[in-house]
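Undergrad: Before I ask anything, here is the structure I am working with.
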Amino acid sequence: MDSKTRLLYWLLNASRGGPTRVKLLRSLEKKPANIRQLSLALGLDYKTVQGHVKILLENGLLDTPQKRYGSIYFLGAEWTDNDYLMELLRGDSHDGENGENGKKREKRNKIE
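In this text, residue positions in the sequence shown follow the working numbering: the first is 1334, and each later residue adds one.
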């Protein structure tokens, strides 16, 4: 794995904001959108989405024809050209029994 792929993997899987960034990318795989549309679709605060979009843009995972208010965002070449990363993150990295840290969640019995 090259250094760029390691950095992208860390941004999406090992960092604290990784799960949110993966949700943004998965949403944009379905349909390009602006920040407001993404925040409404994912139930996230506008500023939260704006911050994550900035990080994804800086690292080539997103692209936009114009960087201004209301810009539509598309998946960037770093995402679409990196088969290893796409396959890895389309798995169960952030779903199922694993929490945001990748650690197993404890199953708790509900006491009624």
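Every residue gets a Cβ at the ideal spot worked out from N, C-alpha and C, and that includes glycine.
(1) Please list, in chain order, all residues of the same chain as Ala1410 whose beta carbon is under 8 Å from its beta carbon, the five residues on each side excluded.
(2) Taking 9 Å as the threshold (C-beta atoms), are Leu1361 and Leu1345 in contact?
(3) Here's the rule I'm using: 16 or more other beta-carbon atoms within 10 Å means buried, otherwise exposed. How should Leu1418 be labelled?
(4) Give me the Cα-Cα distance between Val1355 and Ile1368, rounded to the nearest whole angstrom.
(5) Name, in chain order, the residues that DSSP records as bridge partners for Leu1283.
(6) Kindly indicate the opening and closing residues of the alpha helix (DSSP H) around Gly1351.
(7) Assign Ser1372 to buried or exposed, taking buried as 16 or more other Cβ atoms, counted over all protein chains shown, within 10 Å of its Cβ.
(8) Near Ile1388, what residues of its chain come up, given a Cβ to Cβ distance below 8 Å and the 5 sequence neighbours on each side ignored?
(9) In whole angstroms, what separates the C-alpha of Trp1412 from that of Leu1341?
(10) Can you tell me which residues form a DSSP beta bridge with Ala1366?
TA: The relevant details are as follows:
(1) Gly1393, Asp1396
(2) no
(3) buried
(4) Those two C-alpha atoms are separated by around 15 Å.
(5) Not covered by the structure: residue 1283. The range shown for the chain is 1334 to 1445.
(6) 1351-1363
(7) buried
(8) Leu1344, Gly1350, Arg1354
(9) CA-CA distance, Trp1412 to Leu1341, rounds to 9 Å.
(10) Tyr1406
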